[in-house]
Amino acid sequence: DICKGRMTGNLICTKVLRIFIDNDIEEPERIIKNFCREALVWGNLNHLNILPFLGVNKQLFALSFSLISSWMQYGNIMSFFTGHPEHDRLIAITEVARGMSYLHSLKLCIVHADIRGVIFPYNAKTF
């Protein structure tokens, strides 16, 4: 789940981790471990075309954690293109490719299994 909020006067996005409690104790622990790993990796990324990581919250949503980043006014790149068909798509795709190239240049192996336009946050000021 994605929620919009404010932190120190700035708009933020919180991505809430869904944890379903059942009889399997190891599953929630594994999910939380993976969540922490994602937060650590994202927190160490530093590139113009990678959305900055602002932190983690474990109090805002009961029994869950959330990743915090800046709020992107236009949402994802596909939503932006829908509202701004005149925007140069080649420039935008080049910027996405630069961000992906940065991820692939790291010694740390980062795997992204779902690469689609709707998952790329977009801020027109970046382009």
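Here full-length UniProt numbering is used: position 54 in the sequence shown is 54, and no number is missing along the way.
Glycine included, every Cβ here is placed at the ideal spot set by N, Cα and C.
The structure displayed is predicted, hence computed values, not measured ones.
(request) Please work out which residues of its chain come closer than 6 Å, Cβ to Cβ, to residue 73, disregarding the five sequence neighbours upstream and downstream, and give them in chain order. (result) none
(request) State the DSSP-derived secondary structure class of residue 126, mapped to helix, strand or coil. (result) At residue 126 the pLDDT is 47, less than 50, meaning the model places this residue with poor confidence; the figure from the coordinates comes in the next sentence. Helix at residue 126.
(message) Using only CA atoms, which one of 69, 47 and 58 lies nearest to residue 11?
(response) 69
(request) Take residue 4 and list the residues in its own chain whose beta-carbon comes closer than 7 Å to its own, dropping the five residues that flank it on each side. (result) 11, 13 and 71
(message) By the three-class DSSP mapping on this structure, what secondary structure does residue 46 have?
(response) coil
(message) Out of 16, 18, 45 and 97, which one is the CA nearest neighbour of residue 107?
(response) 45
(request) Go to residue 65, then tell me how far its alpha helix (DSSP H) extends in each direction, as first and last residue. (result) Note, residue 65: premise wrong, no alpha helix (DSSP H); not H, not E.
(request) Kindly list the residues whose CB is nearer than 7 Å to the CB of residue 52, restricted to its own chain and excluding five residues on each side of it in sequence; keep chain order. (result) The beta carbon of residue 52 sits closer than 7 Å to those of 69 and 70, all from its chain and outside the five residues before and after it, given in chain order.
(message) At the level of alpha carbons, what is the spacing between residue 97 and residue 82?
(response) Going from the Cα of residue 97 to the Cα of residue 82 covers about 20 Å.
(request) Please report the residue range of the alpha helix (DSSP H) in which residue 90 lies. (result) Residues 89 to 105.
(request) In angstroms with no decimal places, state the Cα-to-Cα distance between residue 47 and residue 88. (result) Approximately 21 Å, taken between the alpha carbons.
(request) Using the Cα positions of residue 109 and residue 67, report the straight-line distance between them to the nearest angstrom. (result) Cα to Cα, the separation comes out at about 20 Å.
(request) Please state whether DSSP places residue 31 in a helix, a strand or coil. (result) helix
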